[in-house]
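In what follows, a single structure is set out as structure tokens and then discussed.
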Amino acid sequence: NGAAGSYCSGSLPLSVDTRTGRGKRVKSKKRGIAVDVREFRSALPSILHQGGMRLAPVTLTVGDFVLSNIHCVERKSISDLFGSFASGRLFTQAETMSKHYKVPCLLIEFDPNKTFCMQNVNEIGPDLRTDSVCTKMALLIMHFPKLRLLWSRSPYETLKILKELKPNHQEVDIEKAVAVGSNESIDALLLGKGDNDDGGGDGTDGSKQQAVDINEAGKEMLLRLPGITVHNARKVMQSCDNIAELASLFREEMEMLLGPLAGQKLFTFFHQKRDYKIK
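Just so you know, we're using the working numbering here: the sequence shown kicks off at 3 and counts up by one.
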């Protein structure tokens with residue numbers, strides 16, 4: 003009874019027991035991953051879908067792909083990699099991935115039509131150069147030892163890599179992947195997180211207490227006012243103790259605080275006359 007031998011490298015049985023329904027073709031379960039919607043500008047999501055992966059297009063604050071509750075992948079083409087090193091964004095991305103995920107991964111995807119290397123061998127001299135991409139890569143790994151590097155020759159190679167990482171791990175919690183880092187991105191801007199952070203442990207409790215002390219309702223209301231963004235909200239909170247004090251500012255003070263356009267928009271919102279008719 004049952005299968006007796008196989009062919010095609012063991013993927014197909016020579017015989018099956020059809021009396022118990024074992025001859026029915028069972029569709030393999032697609033493995034799901036969370037994909038940042040901005041990645042759909044590239045061909046990779048389509049290739050992943052064609053390769054049998056189930057994609058959940060969402061807006062991710064941390065990473066480009068979340069494979070499981072422990073795997074997060076930031077994908078970079080070679081041009082993106084150089085640009086992220088120049089702007090310092092890659093260090094921030096590596097830091098947030100390392101903070102929230104057990105296995106943060108940096109996927110470096112090469113152009114299949116170009117040489118599989120980051121730097122021409124003729125450009126590598128005997129001395130270390132701070133502007134060298136190899137030096138920057140070494141410093142990145144030293145700062146974030148949890149970070150794993152994934153090297154891919156093409157999007158099709160990326161498909162193989164991601165599929166190999168999926169087995170033996172729980173399916174990704176999509177809601178949790180979306181929530182990771184989303185609140186911190188606003189709180190960090192409002193609280194000025196990192197401005198006075200020296201990397202020590204003494205300020206941790208103080209930062210947490212400061213976050214607790216913020217009036218959540220007031221913060222949400224502030225962010226909904228015309229002209230207020232996460233970029234200028236922190237400055238407003240430092241200048242005004244509450245929204246009533248903000249509303250009492252003169253036009254010139256608001257424009258000085260927020261800029262001409264945003265200040266004028268907020269001033270108009272607070273002082274425009276409204277006629278309410280009771281029917």
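For glycine and all other residues, C-beta sits at the position ideal for the given N, C-alpha and C.
Which partner residues does Val-135 have in the DSSP bridge list?
Here residue 135 refers to the residue found at position 133 when the sequence shown is read from its first residue. Val-135 pairs with nothing; no bridge assigned.
One question on the structure: do Leu-62 and Ile-35 come within less than 8 Å of each other, judged by their Cβ atoms?
Locating residue 62 in the sequence shown gives position 60, where the first residue counts as 1. Locating residue 35 in the sequence shown gives position 33, where the first residue counts as 1. Not closer than 8 Å, so no.
For Ile-110, the first and last residue of its enclosing beta strand (DSSP E):
Locating residue 110 in the sequence shown gives position 108, where the first residue counts as 1. Where Ile-110 is concerned, the enclosing beta strand (DSSP E) stretches over 105 to 111.
In whole angstroms, what separates the C-alpha of Leu-251 from that of Val-232?
Numbered from its first residue, the sequence shown carries residue 251 at position 249. Numbered from its first residue, the sequence shown carries residue 232 at position 230. For Leu-251 and Val-232, the distance between alpha carbons rounds to 20 Å.
Please report the distance separating the alpha-carbon of Leu-149 from that of Arg-226.
Position 147 of the sequence shown, counted from the start, is the residue given in the question as residue 149. Position 224 of the sequence shown, counted from the start, is the residue given in the question as residue 226. So the alpha carbons of these two residues sit roughly 37 Å apart.
Just to check my reading of the structure: Phe-112 and Ser-81 have Cβ atoms closer than 8 Å, yes? What is that Cβ distance to the nearest angstrom?
Here residue 112 refers to the residue found at position 110 of the sequence shown. Here residue 81 refers to the residue found at position 79 of the sequence shown. Wrong, their Cβ atoms sit about 11 Å apart, outside the cutoff.
Check whether the Cβ atoms of Phe-87 and Val-135 sit closer than 8 Å, and answer yes or no.
Residue 87 sits at position 85 when you count from the first residue of the sequence shown. Residue 135 sits at position 133 when you count from the first residue of the sequence shown. Yes, Cβ-Cβ distance for Phe-87 and Val-135 is below 8 Å.
Around the Cβ of Val-39, are there at least 16 other Cβ atoms within 10 angstroms (buried) or fewer (exposed)?
Here residue 39 refers to the residue found at position 37 of the sequence shown. Exposed is the call here.
Since I believe Ile-110 is in contact with Leu-83 (beta carbons under 8 Å), could you give me their beta-carbon distance rounded to a whole number of angstroms?
What you label residue 83 is simply residue 81 of the sequence shown in a count that begins at 1. What you label residue 110 is simply residue 108 of the sequence shown in a count that begins at 1. Correct: roughly 6 Å between the Cβ atoms.
Cα separation between Gly-90 and Asp-243?
Counting from 1 along the sequence shown, the entry for residue 90 is found at position 88. Counting from 1 along the sequence shown, the entry for residue 243 is found at position 241. Cα to Cα, the separation comes out at about 34 Å.
Identify whether Arg-155 lies in helix, strand or coil by the three-state DSSP scheme.
Position 153 of the sequence shown, counted from the first residue, corresponds to residue 155. The answer is coil: DSSP assigns Arg-155 none of H, G, I, E or B.
Start-to-end residues for the beta strand (DSSP E) that takes in His-73:
Locating residue 73 in the sequence shown gives position 71, where the first residue counts as 1. Residues 73 to 79.
Burial state of His-73 (16 or more Cβ within 10 Å):
Numbered from its first residue, the sequence shown carries residue 73 at position 71. Within a 10 Å sphere around the beta-carbon of His-73 sit 16 or more other beta-carbons, which makes this residue buried.
Here's a check: name, in chain order, each residue in its chain whose Cβ is nearer than 8 Å to the Cβ of His-51, leaving out the five neighbours to either side.
Translated into the one-based positions of the sequence shown, residue 51 becomes position 49. Leu-57, listed in sequence order.
Under a Cβ-count criterion, where at least 16 other Cβ atoms within 10 Å of its own Cβ denotes burial, should Glu-166 be classed as buried or exposed?
For the purposes of this step, residue 166 is taken as the residue at position 164 of the sequence shown. Result: exposed.
Distance, Tyr-158 Cα to Gly-85 Cα
Along the sequence shown, one-based indexing puts residue 85 at 83. Along the sequence shown, one-based indexing puts residue 158 at 156. Each residue's Cα considered, the two are about 24 Å apart.
For Leu-57, which of helix, strand or coil comes out of DSSP?
Start at 1 with the first residue of the sequence shown, and residue 57 comes out as number 55. The answer is strand: DSSP assigns Leu-57 an E or B state.
Helix, strand or coil at Gly-34 [DSSP, three-state]
Within the sequence shown, residue 34 is the residue found at index 32, counting from 1. Of the three classes helix, strand and coil, the one that applies to Gly-34 here is strand, per DSSP.
Rounded straight-line distance, which links the Cα of Lys-178 to that of Ser-209
Your numbering for residue 209 matches position 207 in the sequence shown. Your numbering for residue 178 matches position 176 in the sequence shown. For Ser-209, the pLDDT reaches just 43, beneath the cut-off of 50, and the residue's location in the model is therefore unreliable, leaving the point undetermined.
Whose C-alpha, out of Met-55, Ser-44, His-273 and Ala-96, is nearest the C-alpha of Pro-169?
For the purposes of this step, residue 169 is taken as the residue at position 167 of the sequence shown. Cα-wise, what sits closest to Pro-169 is Met-55.
For a quick check, are the C-beta atoms of Ile-163 and Leu-151 less than 8 Å apart?
Numbered from 1 along the sequence shown, position 161 holds the residue referred to as residue 163. Numbered from 1 along the sequence shown, position 149 holds the residue referred to as residue 151. No, these two residues do not count as a Cβ contact at 8 Å.
Cα separation between Thr-98 and Gln-274?
Locating residue 98 in the sequence shown gives position 96, counting from the first residue. Locating residue 274 in the sequence shown gives position 272, counting from the first residue. Using only the alpha carbons, I get a separation of about 43 Å.
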